[in-house]
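First comes the structure, then the notes that go with it.
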Amino acid sequence: MSIASAINTTKSILSNTATQTATVSTNTSNTNTEDYNRRTAVTTTNPYSGATTVKLERTEDAALLKQTLSAIADDAGQQALLKGLVSLDAVMGGNESSATPSQYLAALVEALDTYATSPSDVTLAAAAVAAAGDVANSLNQQTSAVQGLRVEADSEISTTVDKLNQLLKDFEKVNDKVKEKISRGEDANDALDTRESLVKQISEIVGVSSTIRDGNDMVLYTSGGITLFETVPRAVTFDASAALDATTDGNAVYIDGVALAQGKGSSTSASGSLQSLLQLRDEVYPTYQEQLDEIARVTIGVFAETDGTNDIAGLFTTKDGSPVDFDTAQIVSGLAGLITVNTNAQTDPTTLRNGNISGVSQNTENASGFSDLLYKYLAGFEETVSFDGNAGSTTSATLLAYSTDSVGWVQEYRSNASSAAESTSAMQMRAKEAYANATGVNLDEELILLLDIEQSYKAATKLLSTIDEMLSALMQAAS
Numbered sequence: 000m001s002i003a004s005a006i007n008t009t010k011s012i013l014s015n016t017a018t019q020t021a022t023v024s025t026n027t028s029n030t031n032t033e034d035y036n037r038r039t040a041v042t043t044t045n046p047y048s049g050a051t052t053v054k055l056e057r058t059e060d061a062a063l064l065k066q067t068l069s070a071i072a073d074d075a076g077q078q079a080l081l082k083g084l085v086s087l088d089a090v091m092g093g094n095e096s097s098a099t100p101s102q103y104l105a106a107l108v109e110a111l112d113t114y115a116t117s118p119s120d121v122t123l124a125a126a127a128v129a130a131a132g133d134v135a136n137s138l139n140q141q142t143s144a145v146q147g148l149r150v151e152a153d154s155e156i157s158t159t160v161d162k163l164n165q166l167l168k169d170f171e172k173v174n175d176k177v178k179e180k181i182s183r184g185e186d187a188n189d190a191l192d193t194r195e196s197l198v199k200q201i202s203e204i205v206g207v208s209s210t211i212r213d214g215n216d217m218v219l220y221t222s223g224g225i226t227l228f229e230t231v232p233r234a235v236t237f238d239a240s241a242a243l244d245a246t247t248d249g250n251a252v253y254i255d256g257v258a259l260a261q262g263k264g265s266s267t268s269a270s271g272s273l274q275s276l277l278q279l280r281d282e283v284y285p286t287y288q289e290q291l292d293e294i295a296r297v298t299i300g301v302f303a304e305t306d307g308t309n310d311i312a313g314l315f316t317t318k319d320g321s322p323v324d325f326d327t328a329q330i331v332s333g334l335a336g337l338i339t340v341n342t343n344a345q346t347d348p349t350t351l352r353n354g355n356i357s358g359v360s361q362n363t364e365n366a367s368g369f370s371d372l373l374y375k376y377l378a379g380f381e382e383t384v385s386f387d388g389n390a391g392s393t394t395s396a397t398l399l400a401y402s403t404d405s406v407g408w409v410q411e412y413r414s415n416a417s418s419a420a421e422s423t424s425a426m427q428m429r430a431k432e433a434y435a436n437a438t439g440v441n442l443d444e445e446l447i448l449l450l451d452i453e454q455s456y457k458a459a460t461k462l463l464s465t466i467d468e469m470l471s472a473l474m475q476a477a478s
């Protein structure tokens with residue numbers, strides 16, 4: 000080996016060790032940095048200078064990244080659904096479901112039974128009418144609360160869409176930066192880290208799949224195949240509703256002109272939080288509302304009176320005076336928010352006993368001990384009647400059983416969603432851990448590599464010392 004060759008080799012070794020040391024230092028300082036992928040100084044060998052560092056390579060694992068993005072999206076969707084169901088459970092009164100109609104219907108039955116044993120007692124009559132008022136108030140309040148939850152979900156959808164649009168704009172800037180740096184042969188690893196971080200954030204909102212084109216240009220699609228980003232962000236649009244009620248639907252979310260589907264089921268099919276918010280607003284909350292409406296319809300029917308020819312609303316009626324076909328098993332949208340106790344019953348509670356709140360008195364002899372109608376009402380609570388199957392619950396049950404089943408429907412939905420959320424959370428953690436193990440920084444490995452670099456540096460210094468001795472000997476010989 001000539002002295003010139005030895006000098007070039009030494010310079011190459013020192014340059015390599017400097018680059019490798021800097022790379023290890025950067026890796027070590029980012030050991031706990033989320034979304035940082037390990038860098039490796041890649042070297043090549045040529046016959047002139049030996050090993051030479053040619054680039055800093057970013058550790059990647061496309062298969063594990065795909066799995067991680069899917070796990071993030073699934074967990075975000077499940078957690079958003081569970082959060083909405085917990086909110087619904089809260090407005091129902093928590094674990095005791097103390098605010099639900101089932102509690103107040105049971106209290107009304109008890110009040111009626113007490114009144115039936117002493118039909119001449121005006122105080123007991125007033126208590127029964129007051130209990131009926133509690134039932135109506137419960138249905139009113141539950142309706143108001145459910146529609147409030149729908150409005151909250153609608154508002155959150157709007158906020159989430161705005162966030163998604165901003166993330167896509169940020170993604171465009173970083174994606175362009177990646178392409179620019181790669182085209183210039185510059186280090187694009189930091190930009191690649193940032194781009195991957197944005198993809199993970201986007202996947203929390205809507206499930207994402209991606210493809211890489213020439214120049215490391217990334218294209219994003221939703222898990223349903225809708226184009227989300229291709230060179231430029233695709234439009235994500237949504238018109239928020241100022242108000243929602245039981246008779247109105249919320250607007251759809253459009254991505255590139257295609258409506259985004261809502262999630263389905265307690266172990267939701269939603270990929271990302273946006274589909275779960277649509278599921279809550281358009282499926283979960285409305286279904287419970289429909290059950291409330293069916294409870295209101297049958298409750299009106301149980302206390303129906305007669306005008307001599309037809310059955311008409313008696314103790315319970317509607318706030319706006321609109322008639323209700325309480326005999327047909329068909330949802331009357333928003334009825335639970337309209338039901339109220341007839342003012343005639345509130346003015347004279349004994350009309351409940353006589354059946355002349357709105358109809359013809361059944362107590363023809365005006366007997367103070369008349370209790371036939373009261374027992375008829377009580378029997379009505381035990382009678383099996385038909386309910387609209389579109390309300391998501393049973394189609395044939397007693398009023399009390401149906402109201403209890405309605406509570407059970409929500410609690411079962413929440414329980415199943417909670418179990419599913421535990422699974423998706425565990426899956427997300429495992430996927431992230433596996434990806435971090437494959438692409439992240441391992442401090443032990445970095446320290447071992449640092450020892451290897453140290454040995455290379457020692458070899459370079461020894462070679463440099465030998466060259467110095469050779470040059471000194473040469474200079475002495477020349478003099």
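Here numbering that gives the first Met the number 0 is used: position 123 in the sequence shown is 122, and no number is missing along the way. For glycine and all other residues, C-beta sits at the position ideal for the given N, C-alpha and C.
The beta carbon of A260 sits closer than 7 Å to those of G223, Q274, all from its chain and outside the five residues before and after it, given in chain order. In this structure, F369 keeps its C-beta atom at 9 Å or more from the C-beta atom of A131. Within the same chain, Cβ atoms closer than 7 Å to the Cβ of E229 are found at V218, the five residues on either side in sequence being excluded. Per DSSP, the unbroken beta strand (DSSP E) holding V218 starts and ends at 216 to 221. Under the three-state reduction of DSSP output, A130 falls in the helix class.
Taken through DSSP and simplified to helix, strand or coil, T394 comes out as coil.
Unbroken beta strand (DSSP E) runs of no fewer than 3 residues, entirely contained in the segment 174 to 224, are found at 207 to 212, 216 to 221, following chain order.
Residue range 226 to 229 is occupied by the beta strand (DSSP E) that includes E229. Rounded to whole angstroms, the separation of the alpha carbons of V85 and E282 is 15 Å. The continuous beta strand (DSSP E) containing V340 extends over residues 338 to 340. A check of alpha carbon separations from G249 across T342, S154, T158 identifies S154 as the nearest. Minimum Cα-Cα distance from V121 among the listed residues V145, S272, T349, G264 corresponds to T349. The residue from S272, D306, S422 with its alpha-carbon nearest to that of V160 is S272. Sequence-distant partners of E56 (beyond 5 residues in either direction) whose C-beta falls short of 6 Å from its own C-beta, in its chain, are T39, V41.
At the C-beta level, V252 and V235 come within 9 Å of one another.
Relative to the Cα of Q146, the nearest Cα in the group S367, N365, G320, L243 belongs to L243. The beta carbons of L372 and R352 sit about 6 Å from each other, so the pair counts as a contact at 8 Å. Per DSSP, the unbroken beta strand (DSSP E) holding T317 starts and ends at 315 to 317. Assignment of R38 by DSSP, reduced to helix, strand and coil, places it in the strand class.
With fewer than 16 neighbouring CB atoms inside 10 Å of its own CB, E381 falls in the exposed class. Distance from the Cα of R37 is smallest, within the candidate group D189, V128, Y103, for D189. Beta-bridge partners of D310 (DSSP): T305. A direct Cα-Cα distance of roughly 29 Å separates N215 from G76. In the structure shown, E364 adopts coil according to DSSP, grouped into three states. P232 is bridged by DSSP to F228. Your pair L123 and L399 does not check out as a contact, with CB atoms roughly 21 Å apart and the cut at 8 Å. Residue range 61 to 90 is occupied by the alpha helix (DSSP H) that includes T67. According to the DSSP assignment, E381 belongs to the alpha helix (DSSP H) that extends over 371 to 381. Comparing C-alpha distances from L276 to each of I204, Y374, A125 shows the shortest one belongs to I204. If you look at Q278, you'll find it in the alpha helix (DSSP H) that goes 272 to 278. Between the segment 284 to 294 and the segment 428 to 437 there are fewer than three C-beta pairs closer than 8 Å, too few to call the two in contact. Collapsing the DSSP output to three states places E56 in a strand. In the DSSP assignment, S101 falls within the unbroken alpha helix (DSSP H) covering 100 to 116. For K318, the CB contacts under 7 Å within the same chain, skipping 5 residues up- and downstream, are L337, T339 in chain order. For T30, there is no enclosing alpha helix (DSSP H), as DSSP marks it with neither H nor E. With a 10 Å radius around the Cβ and a threshold of 16 neighbouring Cβ atoms, D306 comes out exposed.
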